[in-house]
Each structure stands twice: as structure tokens, then as C-alpha cells.
Amino acid sequence: MNQVLVEICLRVRDIEATLDFYTNLFDFEIASRREFPEDKFDLIYLNSPGTSVQIELTYNYDAEPYEIGNGFSHLGVTVDDLEKMHEICKASAYETGELKGLSGGTPSYFFVTDPDGYRIEVKRKK
Numbered sequence: 055m056n057q058v059l060v061e062i063c064l065r066v067r068d069i070e071a072t073l074d075f076y077t078n079l080f081d082f083e084i085a086s087r088r089e090f091p092e093d094k095f096d097l098i099y100l101n102s103p104g105t106s107v108q109i110e111l112t113y114n115y116d117a118e119p120y121e122i123g124n125g126f127s128h129l130g131v132t133v134d135d136l137e138k139m140h141e142i143c144k145a146s147a148y149e150t151g152e153l154k155g156l157s158g159g160t161p162s163y164f165f166v167t168d169p170d171g172y173r174i175e176v177k178r179k180k
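Position in the sequence shown counted from 1, then plus 54, gives you this note's numbering.
Structure representation (C-alpha cells):
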């Protein structure tokens with residue numbers, strides 16, 4: 055049997071801030087947007103260039119703040135120019151960590167936090 059990961063769902067509180075984060079800071083594109091006002095929720099699907107995996111953003115109109123579970127750690131993306139992306143993130147309004155390397159090695163990643171508190175690991179493309 056062949057399984058393929060097709061989407062990751064994130065529940066979000068401020069859809070416009072979240073869309074700004076994923077489409078302007080990163081190169082995600084809106085694939086589709088479905089609004090269900092009678093049920094008080096919207097679904098927005100984002101494509102990441104170079105992959106078939108989508109992020110599904112679920113926006114519940116009347117939701118209380120979400121608690122991110124301690125079992126979930128982060129999403130990961132790769133970039134061609136890690137140092138440039140790090141500078142872009144640091145210049146943004148988003149919480150951005152320092153460049154790091156495993157076991158003190160050459161810097162190969164950093165973390166940036168989206169408007170809902172989800173951490174994104176930005177890694178150097180190999």
C-alpha cells in the first residue's frame with residue numbers, strides 16, 4: 055500500500071495575519087479558499103512550491119485561543135539561501151531565533167514563529 059502525505063491542518067485565530075505570514079514571508083500560494091459562514095468556519099489551502107503537500111488553515115469564527123499540544127513541535131521548510139531568509143525573518147514582525155547548527159556545527163537552520171504560535175524550522179536546502 056502506498057501512502058502519501060497530502061496536507062497538514064493548522065487551526066488559526068487571525069486568518070489575515072496567518073495568510074500574510076505564509077504568503078509574504080514564505081512563498082506559499084493560496085490554492086483554494088472555501089467559506090462556510092452558516093457553519094462559522096473557513097478553509098484555506100496553501101501550496102508550497104516544489105511539493106504536493108498543502109497546509110490547510112482552518113479558521114473557526116468563534117474559537118477560543120488554541121493550546122498547541124506539547125507533542126507537536128514544528129513544521130519545516132527548506133530554502134536556497136538560509137542567511138538571506140534569516141535576515142528577512144528577523145526584519146519582519148515575527149519572532150525569529152538565531153541561526154543554529156547541530157552539535158555546534160555549521161549553521162543550517164533557524165526557527166520563526168507564526169501569528170498563532172506555530173514554529174517553522176527553516177533549513178538550508180541540501
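All residues carry an ideal CB built from backbone N, CA and C; glycine is no exception.
Helix, strand or coil at residue i [DSSP, three-state]
i    : result
I122 : coil
T150 : strand
T160 : coil
T105 : coil
L59  : coil
Start and end residues, beta strand (DSSP E) containing residue i
i    : result
D96  : F95 to N101
A117 : No beta strand (DSSP E) holds A117; DSSP gives it neither H nor E.
K177 : R173 to R178
G130 : L129 to V133
E83  : E83 to F90
Residue span of the alpha helix (DSSP H) that contains residue i, given as start and end
i   : result
A71 : I69 to D74
K17 : Because the chain here runs from 55 to 180, residue 17 falls outside it and cannot be looked at.
With 16 other Cβ atoms within 10 Å as the buried cut-off, status of residue i
i    : result
H140 : buried
F75  : buried
L64  : buried
L59  : exposed
T150 : buried
F90  : exposed
I62  : exposed
L73  : buried
Close Cβ partners of residue i (< 7 Å) along its chain, the five nearest in sequence each way excluded
i    : result
G171 : I122
Y115 : K94 and F95
N101 : F82, E83, A85 and Q108
Own chain residues within Cβ distance below 6 Å of residue i, not counting five before or after
i    : result
P103 : D81
T132 : K177 and K179
D68  : P169
K144 : T150
Cβ neighbours of residue i in the same chain (closer than 8 Å, five flanking residues each side left out)
i    : result
I142 : L79
F164 : L136, H140, C143, T150, G151, E152, L153, K154, E175 and V176
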